[in-house]
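J.: Going line by line, the protein sequences match chains A and B. In short: position in the first sequence from 1, add 87, done, that's my numbering. In short: position in the second sequence from 1, add 4, done, that's my numbering.
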Amino acid sequence: MLDLLRVVDLVKQFDLPRTSKVLTAVNGVSFELGEGETLGIVGESGSGKTTLGRCALRLLEPTAGAVHFLGKDLAALSHSEMRQQRAKMQIVYQNPGEAFDPTMTIRGIIEDPLKFHTSLSRKERHAEVQQLAERVGLDVALLGTRPRDLPAGARQRAAIARAIATRPKLIVLDEPTSALDLSVRRRILDLLIELQRDLAISYMFISHDLSTVRKISHRVAIMYLGEILELGPTQELYESPQHPYSRALLLSVSRPDPTSEARRLPLPGEIPSPIDLPPGCPLASRCPLVESVCREERPPQVKVGGAESDWWAACHPMAATPGAAWRARLEEAETHREVRRRDRESMGLAHFERLVGSTAHHEEGEHDG
Amino acid sequence: MEATRPVLELSHLTVAGPRPGTVLLHDISLAVCAGEMLAVVGESGSGKSILALAVMGVLPDLVRVTGGSVLFLGEDLLRKSEAELRRLRGSQLSMILTGGRAALNPMETVGTQIRYVIRSHLTLDKDAEDQLIIGMLNSVGIPDPERRAHAYPHELSGGMAQRILVAQAMVCEPHLLIADEPTSDLDVTVAAQVVDGMKTLIDERGSASILLTRDLGIVAENCDTVAVLGGGELLEFAPVESFFAQPTHPYSKAMVSDALIALEHDAAPAAPASIAREMAEASTAESAASGYVLVAEGHYVKRFDDA
Numbered sequence: 088m089l090d091l092l093r094v095v096d097l098v099k100q101f102d103l104p105r106t107s108k109v110l111t112a113v114n115g116v117s118f119e120l121g122e123g124e125t126l127g128i129v130g131e132s133g134s135g136k137t138t139l140g141r142c143a144l145r146l147l148e149p150t151a152g153a154v155h156f157l158g159k160d161l162a163a164l165s166h167s168e169m170r171q172q173r174a175k176m177q178i179v180y181q182n183p184g185e186a187f188d189p190t191m192t193i194r195g196i197i198e199d200p201l202k203f204h205t206s207l208s209r210k211e212r213h214a215e216v217q218q219l220a221e222r223v224g225l226d227v228a229l230l231g232t233r234p235r236d237l238p239a240g241a242r243q244r245a246a247i248a249r250a251i252a253t254r255p256k257l258i259v260l261d262e263p264t265s266a267l268d269l270s271v272r273r274r275i276l277d278l279l280i281e282l283q284r285d286l287a288i289s290y291m292f293i294s295h296d297l298s299t300v301r302k303i304s305h306r307v308a309i310m311y312l313g314e315i316l317e318l319g320p321t322q323e324l325y326e327s328p329q330h331p332y333s334r335a336l337l338l339s340v341s342r343p344d345p346t347s348e349a350r351r352l353p354l355p356g357e358i359p360s361p362i363d364l365p366p367g368c369p370l371a372s373r374c375p376l377v378e379s380v381c382r383e384e385r386p387p388q389v390k391v392g393g394a395e396s397d398w399w400a401a402c403h404p405m406a407a408t409p410g411a412a413w414r415a416r417l418e419e420a421e422t423h424r425e426v427r428r429r430d431r432e433s434m435g436l437a438h439f440e441r442l443v444g445s446t447a448h449h450e451e452g453e454h455d456g
Numbered sequence: 005m006e007a008t009r010p011v012l013e014l015s016h017l018t019v020a021g022p023r024p025g026t027v028l029l030h031d032i033s034l035a036v037c038a039g040e041m042l043a044v045v046g047e048s049g050s051g052k053s054i055l056a057l058a059v060m061g062v063l064p065d066l067v068r069v070t071g072g073s074v075l076f077l078g079e080d081l082l083r084k085s086e087a088e089l090r091r092l093r094g095s096q097l098s099m100i101l102t103g104g105r106a107a108l109n110p111m112e113t114v115g116t117q118i119r120y121v122i123r124s125h126l127t128l129d130k131d132a133e134d135q136l137i138i139g140m141l142n143s144v145g146i147p148d149p150e151r152r153a154h155a156y157p158h159e160l161s162g163g164m165a166q167r168i169l170v171a172q173a174m175v176c177e178p179h180l181l182i183a184d185e186p187t188s189d190l191d192v193t194v195a196a197q198v199v200d201g202m203k204t205l206i207d208e209r210g211s212a213s214i215l216l217t218r219d220l221g222i223v224a225e226n227c228d229t230v231a232v233l234g235g236g237e238l239l240e241f242a243p244v245e246s247f248f249a250q251p252t253h254p255y256s257k258a259m260v261s262d263a264l265i266a267l268e269h270d271a272a273p274a275a276p277a278s279i280a281r282e283m284a285e286a287s288t289a290e291s292a293a294s295g296y297v298l299v300a301e302g303h304y305v306k307r308f309d310d311a
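(1) Contact between the stretch 240-254 of chain A and the stretch 193-204 of chain A is defined here as three or more beta-carbon pairs at a separation below 8 Å; is this criterion met?
(2) Using a Cβ cut-off of 8 Å (strictly closer), state whether PRO10/B contacts chain A.
(3) Suppose you measure from the CA of THR422/A to the CA of PRO353/A; what does that come to, to the nearest Å?
(4) In chain A, what lies closer than 8 Å to ASP228/B by C-beta?
(5) If we call anything under 8 Å between Cβ atoms a contact, is MET259/B one with LEU269/A?
(6) Determine the direct distance from the alpha carbon of PRO149/A to that of LEU126/A, and round the result to whole angstroms.
(7) Quick test of your reading: LEU229/A and ALA239/A, contact by CB under 8 Å. State the CB separation rounded to the nearest angstrom.
(8) Taking 8 Å as the threshold (C-beta atoms), are PRO343/A and LEU220/B in contact?
(9) So what does DSSP say about TYR325/A, is it helix, strand or coil?
(10) Starting from GLY71/B, find everything on chain A with Cβ-Cβ shorter than 7 Å and list it in chain order.
(11) Is the distance from the Cβ of PHE439/A to the Cβ of ALA35/B below 8 Å?
(12) Could you please tell me which residues of the stretch 155-180 of chain B, in chain order, have their CB closer than 9 Å to any CB of chain A?
(13) Kindly indicate which three-state DSSP category LEU225/A falls into: helix, strand or coil?
(14) Between ASN142/B and ASP148/B, what straight-line distance do the alpha-carbon atoms span, to the nearest angstrom?
(15) How is the beta strand (DSSP E) around PHE187/A delimited, first residue to last?
(16) Quick check on LEU465/A: buried or exposed, where buried means 16 or more other Cβ atoms within 10 Å of its Cβ?
(17) The alpha helix (DSSP H) that contains GLY71/B, what's its start and end?
(18) Residues of chain B with CB under 9 Å from GLY420/A, in chain order?
(19) Does at least one heavy atom of the ligand HEM sit under 7 Å from the Cβ of SER396/A?
(20) How many angstroms separate the CA atom of CYS142/A from the CA atom of ARG105/B?
(21) Quick one: list the residues of chain B neighbouring PHE439/A, beta-carbon separation under 7 Å, in chain order.
(22) Considering only their Cβ atoms, is the gap separating SER265/A from GLN181/A smaller than 8 Å?
(23) If we cut at 8 Å on Cβ distances, does PRO320/A have a partner in chain B?
(24) Report the residues of the stretch 331-345 of chain A with a CB closer than 7 Å to any CB of chain B, ordered along the chain.
(25) By the three-class DSSP mapping on this structure, what secondary structure does ARG441/A have?
(26) What number of angstroms, rounded off, separates the C-alpha of ALA151/A from the C-alpha of ASP96/A?
(27) Which of the three DSSP states, helix, strand or coil, is assigned to PRO10/B?
(28) Counting only C-beta atoms, is GLY221/B closer than 8 Å to chain A at any point?
(29) Buried or exposed, going by whether 16 or more other CB atoms sit within 10 Å of the CB of VAL121/B?
(30) State whether the stretch 214-228 of chain B contacts the stretch 296-305 of chain B, with contact taken as three or more CB pairs (one from each stretch) at a distance under 8 Å.
(31) Just to check my reading of the structure: SER211/B and LEU180/B have Cβ atoms closer than 8 Å, yes? What is that Cβ distance to the nearest angstrom?
(32) Count the other CB atoms within 10 Å of the CB of PRO110/B; is the residue buried (16 or more) or exposed (fewer)?
(33) Kindly indicate which three-state DSSP category ALA289/B falls into: helix, strand or coil?
(34) Please report whether the beta-carbon of ASP268/A lies at a distance below 8 Å from any beta-carbon of chain B.
(35) Please report whether the beta-carbon of VAL377/A lies at a distance below 8 Å from any beta-carbon of chain B.
(36) Alpha carbon to alpha carbon, what distance is there between GLU124/A and ARG274/A?
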């Protein structure tokens, strides 16, 4: 697979005003993104995932490291060359309501990139906008309205139409479905998957929502405090996360199944400040498996399942513990909570019939067939 | 066996919106007993928050209850004066608002804000108040509670702020706690800790609780009963196991299957179509006055057209 995007040792720091302190948002991140592939970037707030997405598009200038897009080093491009490249790289934000100019019509919003990047006439552009709207399932009758008149799902469709208008190779999707109800979210994800299949676009899908990332990503990178702690094929990683942080994160997601017991890998406290990062592993302050080396040296990347594998996790204790024993150590650190079952008499349901009056009983055998 | 008396009992509660003819909640009946956690689930706009505000007696201007009753420990809250309600709110009847830090006063330390709740309802000397505040902060999992009591909301993370709200709501050991999307702004690892902490505290005190949420995972893991709201109506009311084993109203089914699909590629939605069909037959067979049908033990579903 051709690497569309190659990010090498990317660092992004921000100098804090009036102090000599430095905020490190992204701390030495490397990954590749293939053509037509989706890489999910998962992390909690403050993990640096949004900054990483912006650096990948050179919307922010990286402090160190390189971003290669279609084989070219983006940092080496001139302003006008970069501008040409931008047609091939787009971004969709979480709240298109805020990202759109509220005074423009939806038609104008989708048309805008066509004005910059194509030589189409006004008439051709309008025909193109119409086609784009149909392509993303946006009711063309809505093109004349303004962003505030659209429901959230339709606004996100408009944002996607705008993003694909210039036929990009790469779209950074920054929490594109987080503000949506589940049913709308599912339809937007289906649309994104369909567009990728038809147009061979690569996605960097940034989200804190693990289930959404699972649905859309081929591979997933787990970020914490500016670093990727684990990166691997989605299905395998979700089934058997290797890094203690990935494991804690995935066990925190409650399953919609009351018969499964609550398992956790507790991480006491919260994500530390990215100002003046300590040396060593970013998780050291919270990790239940922490060793002294974790506080001093940055963890090595450990391959999962053979040298040829594209799955790795960065962890000192894992490097020192072979496969099966490592899994046992992870499981040992887990806590379980017992499922408590109540009898019906002690629940409000026992009163429902009295409250609503009579209820039609539907019992087995009563209505055969 | 005699059924336990409910802590809260809604009977045919109907709430009208500001414009004539708009009904925000229609004919809602529900009950929740001591030690029980009831989930009220539904998408945005389903009426979850209005339900909570109606129980607390703090509906927005022009929104008013037009029918039904809200019995709290056997007394109708709708017939109580504002002064009586004020005595109940925060002491026997508590609510955690959505939004974490935004629900706290930025100008006061968090300890002071908990102290206000204590002073409104209890008569303690200052040392006893301090002890109570620190004990509460400790039990919701705030590290270094003596120091944190003097922190302002902006000095706390979102997870900490949410824990403060839990401490504030639980400090007077209420009979009923209503939590409105207590975790929607939190990261998953933090959300899990906050919910686990809240659940432990509720179990210890034996309070009844109502959790308003869109997250069916949290419901499955923590709640005893599930009430589905859609378009201001109660569509399904069921024990949690039965609900997830056979969500029956089309709206509930869609919600559960969305949650499962969101979780994995290959999950088959737990939607036994035959039950829905049988139920539709049952409802045509018995067009009783009530709009609900019993589909399994304790599992009630509003009648619907199985089109």
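We put the CB at the ideal spot given by N, CA and C, even for glycine.
T.: Let's see:
(1) yes
(2) yes
(3) CA-CA distance, THR422/A to PRO353/A, rounds to 7 Å.
(4) ARG429, MET434
(5) It is a contact, given that the beta carbons lie within the stated cut-off.
(6) Cα-Cα distance, rounded: 20 Å.
(7) That pair is no contact at about 13 Å.
(8) In contact: LEU220/B and PRO343/A (Cβ atoms closer than 8 Å).
(9) helix
(10) The contacting residues do not exist; GLY71/B stays about 14 Å from chain A at best.
(11) yes
(12) SER161, GLY162, GLY163, MET164
(13) coil
(14) Separation of ASN142/B and ASP148/B (C-alpha to C-alpha, rounded to the nearest whole angstrom) is 8 Å.
(15) Segment: none, PHE187/A is in no beta strand (DSSP E) and carries neither H nor E.
(16) Since the first residue of chain A shown is 88 and the last is 456, residue 465/A is not available in this structure.
(17) Not the alpha helix (DSSP H): GLY71/B falls in the beta strand (DSSP E), residues 68-76.
(18) According to the sequence displayed, residue 420/A carries Ala and not Gly. Per Cβ cutoff of 9 Å: no residues; ALA420/A is ~14 Å from chain B at best.
(19) Judged by which ligands are present, the structure shown has none, so any question about the ligand HEM falls away.
(20) 30 Å
(21) SER33, ALA35, PHE241, TYR304
(22) yes
(23) no
(24) ALA335, LEU336, SER339, VAL340, SER341, ARG342, PRO343, ASP344, PRO345
(25) helix
(26) 7 Å
(27) strand
(28) yes
(29) buried
(30) no
(31) 6 Å
(32) exposed
(33) Low local confidence applies: a pLDDT of 38 at ALA289/B is under 50, so the model's placement there is unreliable, with the coordinate-based value given in what follows. In this structure, ALA289/B counts as helix in the three-state DSSP scheme.
(34) yes
(35) no
(36) 20 Å
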